[in-house]
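S.K.:
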Amino acid sequence: MKEIVVASTNAGKIREIKAMLEDIGIEIKSIQEEVGHEVDIVENGTTFEENAIIKAETIMHMINKPVLADDSGLEVDAMDKAPGIYSARFMGYDTSYDIKNQAIIDAVEGKDRTARFVCAMALAIPDAETIVIKETFEGEINDKIEGTNGFGYDPIFYFPPLGKTSAVMTMEEKNQHSHRAKALKRLYTILKELN
Ligand code: IMP
Numbered sequence: 001m002k003e004i005v006v007a008s009t010n011a012g013k014i015r016e017i018k019a020m021l022e023d024i025g026i027e028i029k030s031i032q033e034e035v036g037h038e039v040d041i042v043e044n045g046t047t048f049e050e051n052a053i054i055k056a057e058t059i060m061h062m063i064n065k066p067v068l069a070d071d072s073g074l075e076v077d078a079m080d081k082a083p084g085i086y087s088a089r090f091m092g093y094d095t096s097y098d099i100k101n102q103a104i105i106d107a108v109e110g111k112d113r114t115a116r117f118v119c120a121m122a123l124a125i126p127d128a129e130t131i132v133i134k135e136t137f138e139g140e141i142n143d144k145i146e147g148t149n150g151f152g153y154d155p156i157f158y159f160p161p162l163g164k165t166s167a168v169m170t171m172e173e174k175n176q177h178s179h180r181a182k183a184l185k186r187l188y189t190i191l192k193e194l195n
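Residue numbers (the numbering used here): 1 to 195.
Set out below in C-alpha cells:
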C-alpha cells in the first residue's frame with residue numbers, strides 16, 4: 001500500500017496519523033486533499049466500529065483507494081455507556097465542553113465512576129476485506145473539571161495509573177495510553193506486515 005486517504009478534516013488527527021505511519025513509507029492524505037472538499041456522511045451505525053466502517057467504505061467506493069476512518073467517544077458506565085457514539089453531539093454540538101463535562105460529573109455523583117474512551121478505526125481497501133480495530137482507554141470520571149491539555153472530555157477523564165486527568169497529562173503521556181494511540185499502534189503493526 002503506497003497511499004492512505006484519511007476520512008477526516010481534523011488537522012490534529014491527520015497529523016497524529018502521519019507521524020505514526022510515515023516511517024512505513026505510506027503517504028497519508030486528507031480527504032480534503034484527495035477530493036478537494038469535505039464529504040458529508042450520515043453516521044447511522046449503532047456502534048463505534050459500524051460508524052468507522054460506514055465512513056471508510058463509503059469514501060473508498062467513491063475514490064477507489066485505501067481509506068482510513070475512525071470513530072471515538074466516551075462511555076460512562078453509570079450513564080448506560082452514554083454519551084458513547086453520540087459524544088460529539090451530546091447536549092448539542094454547540095454546547096461548551098465545560099457544560100457537558102459538568103453534566104457528566106453531576107450524573108455520576110454517588111454512583112460508579114468507571115468510564116472509558118473508545119476508538120474504532122476502519123481501513124477500507126479496494127477489493128479486500130476492511131480491517132477494523134477497536135481500543136479503549138480505561139479510567140474514571142473525576143469529581144471536578146481539571147486540566148487544560150487535550151480537548152473534549154479530557155478534563156474529566158481521570159486515569160488512575162498516573163493519578164491525573166488526561167487534560168493534565170502531557171501529549172507524550174496521553175500517546176502512551178490513549179484509545180487512539182493504541183489503535184494506531186496496532187494499525188502500524190498490521191500495515192508493516194502488509195507492506
Ligand atoms: P469523533 O471521533 O471525531 O467523532 O469524536 C467524537 C467525540 O468524542 C469528540 O468530539 C470528543 O467529544 C470525544 N473524544 C474522543 N476522543 C477523545 C479524547 O481523546 N479526549 C477527549 N474527548 C474525546
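Heads up, the beta-carbon is just placed ideally off N, CA and C, and yes, glycines get one too.
For my contact list, residue 26 and residue 9 are in at a C-beta cut-off of 8 Å; report their separation, rounded to the angstrom.
M.R.: Position 26 of the sequence shown holds residue 26. Position 9 of the sequence shown holds residue 9. With a Cβ gap of about 20 Å, residue 26 and residue 9 do not count as contacting.
S.K.: What three-state label does DSSP hand residue 68 in the structure shown?
M.R.: Walking along the sequence shown from the start, residue 68 turns up at place 68. Reduced to three states, the DSSP call for residue 68 is strand.
S.K.: Kindly examine ligand 1 and report whether one of its heavy atoms sits closer than 7 Å to the Cβ of residue 151.
M.R.: Residue mapping note: residue 151 aligns to position 151 of the sequence shown, counting from 1. Yes, the Cβ of residue 151 comes within 7 Å of a heavy atom of ligand 1.
S.K.: Select from 68, 16, 172 and 47 the residue whose C-alpha is nearest the C-alpha of residue 81.
M.R.: Here the question's residue 81 lines up with position 81 in the sequence shown. It is 47 whose Cα lies nearest to the Cα of residue 81.
S.K.: Under 7 Å from any heavy atom of ligand 1, does the C-beta of residue 117 make it?
M.R.: For the purposes of this step, residue 117 is taken as residue 117 along the sequence shown, with counting starting at 1. Yes, Cβ of residue 117 sits closer than 7 Å to a heavy atom of ligand 1.
S.K.: Can you tell me which residues form a DSSP beta bridge with residue 114?
M.R.: To locate residue 114, count along the sequence shown from 1; it is residue 114. Residue 114 is bridged to 140.
S.K.: So, residue 130 versus residue 118, is the Cβ gap smaller than 8 Å?
M.R.: Mapped onto the sequence shown, residue 130 falls at position 130. Mapped onto the sequence shown, residue 118 falls at position 118. For residue 130 and residue 118, no; Cβs fall outside 8 Å.
S.K.: With a threshold of 6 Å on Cβ separation, who are the neighbours of residue 38 within its own chain once the five nearest residues in sequence on each side are excluded?
M.R.: Here residue 38 is taken as the residue at index 38 of the sequence shown, counted from 1. Cβ within range, chain order: 9.
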